[in-house]
Structures are given as C-alpha cells and as structure tokens.
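J.: Going by the working numbering, the residue at position 6 of the sequence shown is 470; the numbering climbs one at a time, nothing skipped. Please see the structure below; I have some questions.
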Amino acid sequence: MGDARLYTFAFVVGVAWLVVKLMRIGRRDRALPPGPPTIPLLGNLHVLPRKFVFLKFSEWKKEYGGIYSLKLANATAIVLSDMRIVKELLDDRSSETSSRPYFYALEVLAKGFFFVLATSDNPVWRASRKSIQPFFSVQATDAHVRIMERESSVLLHDVLHNPNDLTSHIIRYTFSSITDLAFGKRVLKPDSPEILNFRSYIRTFAKAVSPEAAPVDLIPILRYVPDFLAPWMKLWCETQTQQRSLYFSFLDHAERTTGGGKEKSIIQTTLEQRRELGLTREMVAYTGGALLDAGTETIATTTRSLLLCLMSRPACLKKAQEEIDDLIGDKRLPLASDIDALPYIQALIKERLCPGIHFAGTSLNVAVMRLIWAFDFSLGDDFSGADRPWMLEDDYEDDMKGIALAPKEYFCKVTPRSAERAKVIEDCYNLYNNSDV
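Structural data, given as structure tokens:
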C-alpha cells in the first residue's frame, strides 16, 4: 500500500513538473525587450500572420518601439525596426551579432553545404565566402559589366518582340547574367529547361524551409520523428533532388568547358583553387548554387516591383525618362557608367546592403536604365488609373515565404518610345550576340 502511494506521489510530482515546464514554453524572459503578450506553448505564434508578416512587425513597432522580442514556441526572435539600432547592433557590434541562427531544414536539405545561411563560425561558410569574395568587389564588378550589358541587350530585344511576357524576360536576364558569371553558361530562352527547373525549385525550396512545412526549429524534438511519420521529409527529399540536379548540371558544364581561351567563370576558377581553399567538389557545387539562388530571384523581383511602382506613378516614370533623355538622347543605349550622372534614377533603384551589393546594384542599374530609356509602360485594365493607391496585399504575393516578395503577374502595355530606339535595340542585340563583344 505504501509503495502504491509512493508511486502515485512520484507520478503526480512528475506530471506537475511537466506541466510547469510546458507552461513556461512561450513565456518571455524579463531580460528580453518588450513585445506582444504571449500564451503558453505558442508564445506569439498565434498572432503572426501567414503572409506579409513584416506589416505586422511595422504595426508592433508603433506599440513596442524600435527593438522588441517575439516568442516563437521555445525560440526567441528580436525584431529591429529602427535604423539607428540596426546600425549599432549589426554594424558597430558586428563581431557579436553577425552570425546567423541554425536552420535544421537547411542542414538536412544541403547536407551542411549551403553556406549563405550558415553561421559565421562554420568552416564551409568561411571557405566558400573566401572563394567568391574577390569576384564581387567594386573593381571585379566593373570587369563583369560586359555580361550585364550583353544580357540586357537580349532583354530589350525580347521585350520589343514579345512585350506580353515581361516577367519571363526579366527573369531570363537575371538568371543568365549570374549563370554566365558563375558558370560560364548563358541561357538565352525564357522557357529553357534550366530556367523552368530553377523556377520550380526555388518555390519548392521556399516551402521546404518554411516553419509552416516543418516546425523543427521551433519544436526541436520533431527532428527525431521517424521519416514515415514526418510529412515534411517527402518535401525535403523532393527539394534536395531538385537542388542537386540544378547545381550539379551547371557544375558539370563549368568542368567541361574549362580552357579554350575564354575568360574563366567564378566556379571554373574556384575548381582550380579548391584544394588550396579547402573545398570539396560538392562544396563548390553548392557555392555556385547559392550564387544562382541569390542572384536571380531578388534582382528580378526588385526590377518588377520598381516597374510596377513607376506605372502606378506615371509622373515619376516621365521624370526618370526625361532625366535619361537629357543625358543620352536616342542614338545609343545607356551604359553602366551613365548611372553616376542620373541622380533621380539612382534614387529609384538604390538597394539596401547585401553581400553582392556591387554586382546586384550594377545589374539593376543596367536593366532599369535601359528599360526606361527604351519603352513606355502603362498598367493594364486590371488596375485603376494613374496615381492609384498602394495596395500591397492586392498587388503582391508572399508565396516565397519571405525569401523574396514578388509582384503578382500583372498585364501592362509596353511600347517602344520611338522607331529610332527600336533600331538601336536591334543593332545592339546583333552586335552583342553575333560577335565576341
């Protein structure tokens, strides 16, 4: 009888201890910055919207200030919404704050080789970053301008002849610019297998690393669930297959085409130096793949977003065109070097900081300058008239789960600004693509 009471007491104490522990999950520690009220287990997860979460962050800034905390089950997120605080913590104190959180899904998907989101003390991150850094300095980007000017000549030619497929032409431009730079391979058709495979993969990838698909970083014990009981494992395996097929197909091309007198690409150079850099062949493939992921989607969506904004504000578009016309006229295409004399267009394009800022900035400059110089853009019938109110939720989709915020497919009327400019486009296309320029 005594043993039964002892077991009962131990059971009750154990259950009580477990309940207390569970009730503490999601609770905000007093040492953390303030934030929205929490509930047990979930913390603030129940009040986070599934899409456009940054709008909620802006709303909370008004209530909790420029730095506040969120509890995501047992994890903590600190949200910075004040540029002075951002600079202090991420710039002035970068030695303390420059690392990244650990993503278990990425670790499984890329076998630890996806360096872009790895922590700064990760040897893969250090070796991969060292291998590509020389190619993205200001001086190196200047040497790569010919790639962007050549690919943008194809962009203008494609838009001139098929203006209804603007999005595909922009994606082809950004994709081919980075594949040429990284692997030495151009992609000239918007519906090429390489681009179709990439667009399918990048959306699958966004779903696979989303907490909605697999909340393993919020609830770590889920990492130990057997594969047959974990529905996210099928998505992870599918994503990994797509990712490796894409990355290694471009790596194979770089290996096959090394030599022949042509200037070496980033990955061709890295392959020659990989032992010195401490990189395996697989690590080189993922280094090139990370460049592909980062260099395509973000630049393409930024370009599309800017065009949508300009079409929504025709007066701004006209002002940009007047500025570029005053400088260049209609006898030649804008060059990358022209951007320094175009302050208004600079202000339209200006990016926020990123590791490939010089390449990304130049790629945007070339594409936007040339599109504005060459064409008139106006919104289709599915949008209201000039100076329409900004409607983010109506105009944008957040299917990329925060990787890139892309405008929804929109119809717009695109027409060449003059016959003279159309001829310049044709002449430059022929020059760039029928010679070794």
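We put the CB at the ideal spot given by N, CA and C, even for glycine. Predicted model only: the values in this text are computed from it and were never measured.
(1) Relative to the C-alpha of THR760, which residue among TYR528, ARG492 and LEU660 is closest?
(2) Taking the alpha-carbon of ARG796 as reference, which of ASN626, ASP585, TYR893 and ASN898 has the nearest alpha-carbon?
(3) Is PRO690 close to chain D, meaning its C-beta is less than 8 Å from at least one C-beta of that chain?
(4) Considering just the uninterrupted stretch of the alpha helix (DSSP H) at ALA754, what are its terminal residues?
(5) Going by DSSP, what residue range makes up the beta strand (DSSP E) through LYS535?
(6) Counting only the same chain and skipping the five closest in sequence on each side, list residues whose C-beta sits under 7 Å from that of GLU727.
(7) Between the Cα of GLU786 and the Cα atoms of ARG777, THR540 and ILE809, which residue gives the shortest distance?
(8) Kindly indicate which three-state DSSP category LYS861 falls into: helix, strand or coil?
(9) Comparing C-alpha positions only, which one of ILE730, LEU512 and ILE489 sits nearest to ASP644?
(10) Could you tell me which residues DSSP pairs with GLY507 in its beta bridges?
(11) Go to THR643, then tell me how far its alpha helix (DSSP H) extends in each direction, as first and last residue.
(12) Since ASP716 is in the alpha helix (DSSP H), which residue starts that stretch and which ends it?
(13) Nearest to PHE647 by alpha carbon, out of MET612, SER713, TYR637 and PRO684?
(14) Using beta-carbon positions only, say whether LEU620 and ARG834 come within less than 8 Å of one another.
(15) Which residue or residues does DSSP assign as beta-bridge partners of THR879?
(16) Once you ignore the five residues that flank THR703 on each side, which residues in its own chain have a CB closer than 7 Å to its CB?
(17) For VAL543, which of helix, strand or coil comes out of DSSP?
(18) For VAL878, which residues from the same chain have a beta carbon less than 7 Å from its beta carbon, with the 5 sequence-adjacent residues on both sides left out?
T.: Straight from the coordinates:
(1) Start at 1 with the first residue of the sequence shown, and residue 760 comes out as number 296. The candidate whose alpha carbon is nearest that of THR760 is LEU660.
(2) As a working note, residue 796 is residue 332 in the sequence shown. Among ASN626, ASP585, TYR893 and ASN898, the Cα nearest to that of ARG796 belongs to TYR893.
(3) No chain D is part of this structure, which consists of one protein chain only.
(4) For the purposes of this step, residue 754 is taken as the residue at position 290 of the sequence shown. Run containing ALA754: 745-776, per the alpha helix (DSSP H) assignment.
(5) One-based indexing of the sequence shown puts residue 535 at position 71. Where LYS535 is concerned, the enclosing beta strand (DSSP E) stretches over 531-536.
(6) Your numbering for residue 727 matches position 263 in the sequence shown. So the list is empty, once near-sequence residues are dropped.
(7) One-based indexing of the sequence shown puts residue 786 at position 322. The option with the nearest alpha carbon to GLU786 is ILE809.
(8) Within the sequence shown, residue 861 is the residue found at index 397, counting from 1. The sequence given here has Glu at residue 861, not Lys. Strand, per DSSP.
(9) In the sequence shown, the residue the question calls residue 644 occupies position 180. Among ILE730, LEU512 and ILE489, the Cα nearest to that of ASP644 belongs to ILE730.
(10) Residue numbering aside, residue 507 sits at position 43 when the sequence shown is read from its first letter. DSSP output for GLY507 lists ILE503 and LEU536 as bridge partner(s).
(11) As a first step, residue 643 is located in the sequence shown; it is residue number 179 there, counting from the start. Its alpha helix (DSSP H) spans residues 630-647.
(12) Your numbering for residue 716 matches position 252 in the sequence shown. Per DSSP, ASP716 belongs to the alpha helix (DSSP H) from 696-720.
(13) Numbered from 1 along the sequence shown, position 183 holds the residue referred to as residue 647. That would be SER713, whose Cα lies nearest to the Cα of PHE647.
(14) Translated into the one-based positions of the sequence shown, residue 620 becomes position 156. Translated into the one-based positions of the sequence shown, residue 834 becomes position 370. Closer than 8 Å, so yes.
(15) Walking along the sequence shown from the start, residue 879 turns up at place 415. Answer is ASP840, bridged to THR879.
(16) Translated into the one-based positions of the sequence shown, residue 703 becomes position 239. Cβ within range, chain order: LEU573, THR668, PHE669 and ALA672.
(17) On the sequence shown, residue 543 is found 79 positions in, with the first residue counted as 1. Three-state result, VAL543: strand.
(18) Translated into the one-based positions of the sequence shown, residue 878 becomes position 414. Excluding positions up to five away in sequence, the list reads VAL623, PRO627, LEU630, PHE839 and PHE841.
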